[in-house]
Amino acid sequence: MTSTDQVSSTHRPGTPAGLLTRGSTQFGLFVILFIMWVVFSSLAPGFLSRFNLNSVGRSVAIDIVVGFAQMVVLATGGMNLSVGAIGVCSVMTLGYLLQMLGLPIPVAILLTLGLGGVLGWLNGFAITRTGVNSFIVTLATASLFTGAMLIFSKGVPLNGLPPELGAFAKSAVGRVPSLAIVALGIGVALYVLFKHSVLGRQILAAGANPRAAEMSGVPVDRVIVFVHVLSGVLAAAAAIMLTAKNGAALPGGAGDDWLLPSFLAPVIGGTSLAGGLISVVGTIFGALLVSTIRSGLLVLQIGNFWLQLFLGIFLLCAILLERYRSALSVRAQTRAA
Amino acid sequence: MNRILSFAIRQQWSGILAGVIVGGIALSFATPQFLSEFNWFVMLRSICVSLLVAFSQMVMLGVGQMNLSVGALGGLVAIIVGGLMDAWGMPPLPAILIAIAAGGAAGFINGWLTVRTGINGFIVTLATASAFAGINTGITRAIPFYNLPPEFVAFGNGRLGPFPYLLIIPLIVTVLLAVFFSRVKTGRYMLAVGGNAHAAQLSGISVPRAIITAHVISGLTAAAAGVLAVAQLGSAQPSIGAEWLVISFAAPIIGGASLAGGSISILGTVIAVMLIGLIQNAMVLLAVDPYWVTFLLGALILTAVWINRYRAYRMGED
Chain A
1 MTSTDQVSST HRPGTPAGLL TRGSTQFGLF VILFIMWVVF SSLAPGFLSR FNLNSVGRSV
61 AIDIVVGFAQ MVVLATGGMN LSVGAIGVCS VMTLGYLLQM LGLPIPVAIL LTLGLGGVLG
121 WLNGFAITRT GVNSFIVTLA TASLFTGAML IFSKGVPLNG LPPELGAFAK SAVGRVPSLA
181 IVALGIGVAL YVLFKHSVLG RQILAAGANP RAAEMSGVPV DRVIVFVHVL SGVLAAAAAI
241 MLTAKNGAAL PGGAGDDWLL PSFLAPVIGG TSLAGGLISV VGTIFGALLV STIRSGLLVL
301 QIGNFWLQLF LGIFLLCAIL LERYRSALSV RAQTRAA
Chain B
1001 MNRILSFAIR QQWSGILAGV IVGGIALSFA TPQFLSEFNW FVMLRSICVS LLVAFSQMVM
1061 LGVGQMNLSV GALGGLVAII VGGLMDAWGM PPLPAILIAI AAGGAAGFIN GWLTVRTGIN
1121 GFIVTLATAS AFAGINTGIT RAIPFYNLPP EFVAFGNGRL GPFPYLLIIP LIVTVLLAVF
1181 FSRVKTGRYM LAVGGNAHAA QLSGISVPRA IITAHVISGL TAAAAGVLAV AQLGSAQPSI
1241 GAEWLVISFA APIIGGASLA GGSISILGTV IAVMLIGLIQ NAMVLLAVDP YWVTFLLGAL
1301 ILTAVWINRY RAYRMGED
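Top to bottom, those sequences are chains A and B. Following the numbering used here, the numbering of the first sequence begins with 1 at its first residue and continues without gaps. Following the numbering used here, the numbering of the second sequence begins with 1001 at its first residue and continues without gaps.
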């Protein structure tokens, strides 16, 4: 009885027990987040100013989408180290299409998303064809993509973009920045994909146990290619949002800078590196937590220099807390059964 | 002769060795500068740091783990050694010893956290990489330490014909690691853990101890790489280590190490580092856009991995 309960809670998140444990992960994060907001806003009144909230809202929107780009690959138990590289390629491509070719914004955006998808497809194709670990393939393609981008762009920023793009990033619906609404929209789409579609369930099955999934008729290779395409498209989407926020296409804008945040948000939010377990809402909370810490430390004027140290320590603490909590909840379930 | 040939072909590093030789010959025809003594000195000196960085990751791959903090750790050690000599006026030898010890301690922290918390080593070292880089920028505020003792800088620039003095250190480390992994019990245990942690545990090997040992050795070699980078540059730049991640994985993997663990090749890693050094040198001599190095490195990793897969597949058929 006990063992069946545990299996169902880990492998079928739809059951009540599964909802309880997953729900409390996000609840725990929510509590940490709330405490931080109280601490930061009482220490530094500027934290809750409209200006700061707007700037946090815009940067967190990008962090969320970057986190999603990693999360969809983590769902299959793989990883994508080229999220940042696809991001920079997309930033520069968008800039080129808008500034050099003068394409209308919607066309340029679609083409950029398409490029992200193609680069992601290359990752997926190389991984499934060679059977090599996704870590090493995407490490290599990250180098490949970044190199190609620098060769083509010569590392020169493009800052003659149409003003509408920057205006969109600054705009807000009510008090919510438009970029945050885009990120939430993507989140809803991913939630539906993973909760309510056959494909989404197949992705999770392939991540939880590829052999069993293959035997149950899941086309594991095609699923892996799909998540890499999706990851590429999401990285491109984040890149477009970043370009809009900066108002320019900067070749140093994403790249290595995205490596840490792309893992931080999903892993803090309860996504497992082993695959088969993800949380869209958790990833959003994870990104919020990271942005809150970053912005709070900046407002407290601890300074940019020590920021990375604190981010690293907070990440470890958050994961440790989560481990401790899930160990407790498993024990509670065992006792209840 | 035939037996030697068939032995060489079966070795994973045979392909890259052929690449190094062919590339070297082609390059010496393409530009006469390639064979100049000074060029060899520059190339060998650039290999010194890369080799230690590659070893630092190779040790981790041996136990089936990875260390994403190699670059951040090396950068932190570079700042420590520079800071001790510049700001505190310490003589080189104690400064180097303290800095290397700090690297070992940082490696121990990586290993201890991985073992004690049970968190994936990937995530642990990603987090500690951020922490080490944070300490680095926090201490330096992105300003390098310039005033290093002249004898320290002289050692970094000194050479005997085409051979830089710096080369002594990676050579010693290579021999030590070769002995360690082939003759010393702890080294054999580490490879056993990398090959099959569960089986190793059941045979009475302490898996946590093997992982912590690997992290300490990885920290020490990354620290040595950091000190060497300072000696080579003549100043302790906070940016040291920022670019080490790709090369740290590229060299051992091109050299034939398996990401699954338990299988590493010291000779293969050395030849792979030579190949990468040769490519970088060729780009400079032929005045090609330096961005091509990044591109080619990626292509090289993919090709090497693909060839190794293919060879494993063919040898399985035999």
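Here a beta-carbon is modelled for each residue, glycine too, at the ideal position from N, C-alpha and C.
Asked                                                                                                                                                                                       : Found
With distance defined between alpha-carbon atoms, name the residue in 285/A, 330/A, 224/A, 299/A nearest to residue 204/A.                                                                  : 224/A
Under 8 Å between C-beta atoms, does residue 121/A make it to chain B?                                                                                                                      : no
Over the uninterrupted alpha helix (DSSP H) stretch that includes residue 51/A, give me the two end residues.                                                                               : 50-74
For the region 1120-1149 of chain B, list every residue whose C-beta sits within 9 Å of some C-beta in chain D, in sequence order.                                                          : Although the question refers to chain D, the structure presented lacks it and instead comprises the protein chains A and B.
Applying the criterion that 16 or more other CB atoms from any shown protein chain within 10 Å of the CB defines a buried residue, is residue 1043/B buried or exposed?                     : buried
Give the list of continuous beta strand (DSSP E) stretches no shorter than 3 residues that lie fully inside the region 201-255 of chain A.                                                  : none
Assuming contact is defined by CB atoms lying nearer than 8 Å, are residue 228/A and residue 66/A in contact in what I supplied?                                                            : no
How is residue 1042/B classed by DSSP in three states: helix, strand or coil?                                                                                                               : helix
Does DSSP put residue 132/A in a helix, a strand or coil?                                                                                                                                   : coil
What three-state label does DSSP hand residue 173/A in the structure shown?                                                                                                                 : strand
Closer than 8 Å, Cβ to any Cβ of chain B: which residues of the region 305-323 of chain A, in chain order?                                                                                  : 305, 306, 307, 308, 309, 310, 311, 312, 313, 315, 316, 319, 320, 323
Taking just the CA atoms, how far does residue 116/A sit from residue 1065/B?                                                                                                               : 30 Å
For residue 1282/B, which residues in the same chain have their Cβ closer than 6 Å to its Cβ, ignoring the five residues on either side in sequence?                                        : 1027
Give me, in chain order, the residues of the same chain whose beta-carbon lies closer than 6 Å to that of residue 1230/B; leave out the 5 immediate sequence neighbours on both sides.      : 1078, 1081, 1082, 1236
In chain A, which residues lie with their C-beta within 8 Å of the C-beta of residue 1249/B?                                                                                                : 136, 139
Return the CA-CA distance between residue 1055/B and residue 241/A, expressed in angstroms with no decimal places.                                                                          : 39 Å
Closer than 6 Å by C-beta to residue 1039/B: which residues in its own chain qualify, once you throw out the five before and the five after it? Chain order, please.                        : 1033
Answer yes or no: do residue 1218/B and residue 1070/B have a C-beta to C-beta separation smaller than 8 Å?                                                                                 : yes
Quick check: the Cα distance between residue 194/A and residue 331/A, rounded to an integer number of angstroms?                                                                            : 28 Å
What is the rounded straight-line gap between the Cα of residue 320/A and the Cα of residue 1048/B?                                                                                         : 38 Å
Check whether the Cβ atoms of residue 1036/B and residue 1277/B lie closer than 8 Å to each other.                                                                                          : no
Identify every run of the alpha helix (DSSP H) within the region 74-135 of chain A, keeping only runs that are complete inside it and at least 4 residues long; order them along the chain. : 83-95, 105-130
Under 8 Å, do residue 90/A and residue 236/A count as touching if we go by C-beta distance?                                                                                                 : yes
Compute the beta-carbon to beta-carbon distance between residue 290/A and residue 273/A, rounded to the nearest angstrom, for a pair I have assumed lies under 8 Å.                         : With a Cβ gap of about 17 Å, residue 290/A and residue 273/A do not count as contacting.
Looking at the C-beta of residue 263/A, does it have a partner C-beta in chain B at a distance below 8 Å?                                                                                   : yes
Starting from residue 151/A, find everything on chain B with Cβ-Cβ shorter than 7 Å and list it in chain order.                                                                             : 1289, 1291, 1292, 1295
Helix, strand or coil for residue 162/A per DSSP?                                                                                                                                           : coil
Thinking C-alpha only, which one of 1192/B, 1029/B, 1234/B, 1189/B is nearest residue 1155/B?                                                                                               : 1234/B
For residue 1191/B and residue 1074/B, which I take to be in contact (beta-carbon distance under 8 Å), what is that distance rounded to the nearest angstrom?                               : Wrong, their Cβ atoms sit about 24 Å apart, outside the cutoff.
Under 8 Å, do residue 123/A and residue 82/A count as touching if we go by C-beta distance?                                                                                                 : yes
Do we get a CB-CB distance below 8 Å when we pair residue 53/A with the residues of chain B?                                                                                                : no
By the three-class DSSP mapping on this structure, what secondary structure does residue 1087/B have?                                                                                       : coil
Compare the C-alpha of residue 1184/B against each of 1210/B, 1127/B, 1140/B and name the closest.                                                                                          : 1210/B
Whole angstroms are fine: how far does the CA of residue 131/A sit from the CA of residue 217/A?                                                                                            : 19 Å
Given this structure, state the Cα-to-Cα distance separating residue 1311/B from residue 1157/B, to the nearest angstrom.                                                                   : 42 Å
Where residue 302/A and residue 1240/B are concerned, what is the direct C-alpha to C-alpha distance, given to the nearest angstrom?                                                        : 24 Å
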